[in-house]
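Below: the structure, in structure tokens.
Residue numbers (the numbering used here): 1 to 81.
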């Protein structure tokens, strides 16, 4: 059974992961606008590195996963065009 402190910690880890994804997504989008593939890939990898955690419950991990892959749709469009 989870303790209240465990839930608070999990919420903190989720918030940190979301912040990391948003930070790297911002720079990835700037690089996309500049057609700078090297920087796009750099920030995409950094964004995906936020998914390397075992501290989240499946539901919260899924939330983090979906946020990252929503951002990567722009990369997909960029690579197709």
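Where is the CB? At the ideal position from N, CA and C, for every residue including glycine.
- With respect to the 8 Å criterion, residue 49 and residue 75 are not classified as neighbours on the basis of their beta carbons.
- Here the alpha carbons of residue 24 and residue 57 stand approximately 23 Å from one another.
- Annotation: residue 15 to residue 80 spans about 32 Å, alpha carbon to alpha carbon.
- In this structure residue 34 is exposed. Its beta-carbon is surrounded by fewer than 16 other beta-carbon atoms within 10 angstroms.
- Residue 17 sits buried, since 16 or more C-beta atoms from the chains shown fall within 10 Å of its C-beta.
- For the stretch 33-70, there is no continuous beta strand (DSSP E) assignment of 3+ residues that stays within its boundaries.
- Residue state for residue 81 is assigned as coil, using DSSP reduced to three classes.
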